[in-house]
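Enquirer:
In this note's numbering, the protein residues as written are 84 to 276.
(1) Any heavy atom of the ligand SAM closer than 7 Å to the CB of residue 236?
(2) Going by alpha carbons, who is nearest to residue 170 out of 151, 229, 126 and 192?
(3) Return the residue from the list 211, 245 and 228 that minimises the CA-CA distance to residue 117.
(4) Could you check where the beta strand (DSSP E) with residue 164 kicks off and where it finishes?
(5) Going by alpha carbons, who is nearest to residue 172 out of 180, 157 and 179?
(6) Please state the DSSP three-state secondary structure of residue 117.
(7) Under 8 Å between the Cβ atoms of residue 106 and residue 184?
Structural data, given as structure tokens:
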């Protein structure tokens, strides 16, 4: 009887354990400045849950769009080239100021992210490096939003730990172990009676 109980407890522990999980189904990341001023971002890192890969890289299939017009040396794609943190002009810098300034990154496919890191400008004007972040699913539904993330510090960066929105479902092998454990307990009780 003791072996059966231990087996059941072990199978329950396996079923309840789950890998690190994050915000699921993220397709788009929209970044705005929290202040009515230029938006300047030297790099965005969207960390995939489990692998740790940066899915916001152009080399990973991500694309970037920004507000207004900009010079070829400060275009939105500079924020997804993997070379930050940097200073102007080797970064994305919007052409105007106000609440309409933005950087939008579209991921190659809907993905699960556990964190987002934003790098601001290294040379000057770090007081502008305060961001509002919005994340959308592939149907346009808002999955996450947050305000006033400040990269105005010595590392010129801010990391946002994203909430776990995954559903923990036991693997089939774990369910089979639970079933065997329950069957064993039932058999042992029946035998005892």
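Beta carbons are placed, not taken as given, at the ideal position from N, Cα and C, and that holds for glycine. The structure presented is a predicted model; accordingly, all values stated were derived computationally and were not measured.
Expert: In short:
(1) As far as ligands go, the structure on display features none, and thus does not contain the ligand SAM.
(2) The residue labelled residue 170 in the question sits at position 87 within the chain shown. Comparing Cα-Cα distances from residue 170 to each of 151, 229, 126 and 192, the minimum goes to 126.
(3) Here residue 117 refers to the residue found at position 34 of the chain shown. Considering only alpha carbons, the answer is 211.
(4) Working through the chain shown from its first residue, we reach residue 164 at position 81. Counting along the chain, residue 164 sits inside no beta strand (DSSP E), nor does DSSP assign it H or E at all.
(5) Working through the chain shown from its first residue, we reach residue 172 at position 89. Looking at the Cα atoms, 157 is the closest of the given residues.
(6) Locating residue 117 in the chain shown gives position 34, counting from the first residue. Note: residue 117 maps to coil in three-state DSSP.
(7) The residue labelled residue 106 in the question sits at position 23 within the chain shown. The residue labelled residue 184 in the question sits at position 101 within the chain shown. Inclusion of residue 106 and residue 184 in the CB contact set at 8 Å is not warranted, their separation being larger than that value.
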